[in-house]
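**Student:**
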Ligand code: PGA
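In the numbering used here, the protein residues as written are 30 to 275.
1) Less than 8 Å between C-beta atoms, sequence neighbours within five positions excluded: which residues of the same chain meet that for residue 273?
2) Which residue wins for smallest C-alpha separation from residue 196, given the options 155, 186 and 207?
3) Where do the N-terminal and C-terminal ends of the beta strand (DSSP E) with residue 87 fall, by residue?
4) DSSP on residue 185, reduced to helix/strand/coil?
5) Hey, is the segment 116-134 in contact with the segment 146-166, meaning 3+ C-beta pairs nearer than 8 Å?
6) Report whether the distance from the Cβ of residue 256 to the nearest heavy atom of the ligand PGA is below 7 Å.
7) For residue 89 versus residue 119, is the C-beta distance shorter than 8 Å?
8) Below 7 Å CB to CB, which residues in the same chain sit around residue 216 once its five sequence neighbours on both sides are set aside?
9) Just to confirm, is the Cβ distance from residue 204 to residue 252 under 8 Å?
10) Just reading off the beta strand (DSSP E) that residue 206 is part of, what are its end residues?
11) Pull up the CB-CB distance for residue 185 and residue 223, whole angstroms please, since I reckon it's below 8 Å.
12) Tell me the start and end of each unbroken alpha helix (DSSP H) in the segment 120-192 that is at least 4 residues and wholly inside, in chain order.
13) If you measure from the CB of residue 276, is any heavy atom of the ligand PGA nearer than 7 Å?
14) Closest by CA to residue 207, which one among 115, 234, 219 and 183?
15) State the Cα-Cα distance for the pair residue 116 and residue 220, rounded to the nearest angstrom.
16) Our contact map puts residue 32 next to residue 182 with C-beta atoms below 8 Å; I'd like the distance itself, whole angstroms only.
17) In whole angstroms, what is the alpha-carbon distance linking residue 132 and residue 100?
18) Taking the continuous alpha helix (DSSP H) assigned at residue 44, which residues delimit it?
19) Who does residue 266 pair with in a DSSP beta bridge?
20) Give the DSSP bridge partners of residue 278, in chain order.
21) At which residues does the alpha helix (DSSP H) containing residue 227 begin and terminate?
22) Pull up the distance between the alpha-carbon of residue 86 and that of residue 150, whole angstroms please.
23) With 16 other CB atoms within 10 Å as the buried threshold, where does residue 46 fall?
24) What would DSSP say about residue 35, mapped onto helix, strand or coil?
25) Please determine whether the Cβ atom of residue 240 lies at a distance below 7 Å from any heavy atom of the ligand PGA.
26) Does the beta carbon of residue 104 fall short of 7 Å from some heavy atom of the ligand PGA?
Below, the structure written as structure tokens:
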């Protein structure tokens with residue numbers, strides 16, 4: 030399966046910084062063997078859409094409204110994202126779940142809106158450190174994926190899934206390749222139970238993935254790419270992860 034390396038810029042960047050970063054990423058794409066995307070803040074979609082036009086770098090967003098349209102001040106709809114050539118949209122990132130109280134049901138609706146607009150949702154699941162220490166990792170990620178399957182069952186094979194242990198995000202602590210593979214395998218089994226096309230769902234790992242640990246993580250049988258935060262802000266780091274993803 031073709032791997033996907035997606036950068037999550039989070040709330041970082043400026044017109045100037047973005048232009049330099051994208052230019053550096055696009056300097057030589059001829060050796061890329063995987064799909065590559067950058068998920069940018071919504072105000073920069075137009076800028077980055079123009080920069081990546083006609084290139085092999087795909088455009089992504091970091092969130093989408095659970096509503097279709099109307100009186101939802103500050104929200105951005107899936108059809109608006111589509112207007113700007115958005116191909117992927119992260120939904121249910123742990124920072125949204127934690128700081129914006131997004132429930133499993135809300136995240137599932139967001140994925141549904143994205144799918145309806147022809148955008149591939151990158152659905153994030155993952156346990157906190159307290160949950161892992163309590164032996165609840167599998168239970169937590171299964172519950173999060175079950176909500177997704179419940180709402181989007183008929184097109185569950187159209188999503189990208191991302192396992193992001195909360196304790197590994199931005200902390201420099203990475204799940205070991207074995208720890209990550211174990212959870213990815215559980216998620217794969219759950220997808221297989223829900224869809225006969227489950228084997229084409231890409232399951233990304235995210236959480237302090239960088240140039241030096243990417244190789245071992247991406248070598249695992251059920252790790253089909255990465256969702257990269259900090260290392261996506263530096264062109265050389267991001268490109269070396271892309272080069273590792275074969
Ligand atoms: P990180 O972030 O690579 O900085 O840990 C990953 C993410 O939150 O998607």
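C-beta atoms are modelled at their ideal positions from N, C-alpha and C, and glycine is treated no differently.
Every value quoted in this text rests on a predicted model; they were computed, and no experiment measured them.
**Tutor:** According to the data block:
1) 240, 243, 244 and 247
2) 155
3) 86-90
4) helix
5) yes
6) yes
7) yes
8) 170, 174, 190, 192 and 232
9) no
10) Note, residue 206: premise wrong, no beta strand (DSSP E); alpha helix (DSSP H) at 206-223.
11) 5 Å
12) 123-128, 133-145, 158-162 and 166-181
13) With the chain covering 30 to 275 only, the question about residue 276 has no answer from this structure.
14) 234
15) 22 Å
16) Incorrect: roughly 26 Å between the Cβ atoms, too far for contact.
17) 21 Å
18) 44-54
19) Paired residues: none, contrary to the question.
20) Since the first residue of the chain shown is 30 and the last is 275, residue 278 is not available in this structure.
21) Premise fails: residue 227 is in no alpha helix (DSSP H) and is neither H nor E.
22) 17 Å
23) exposed
24) strand
25) no
26) no
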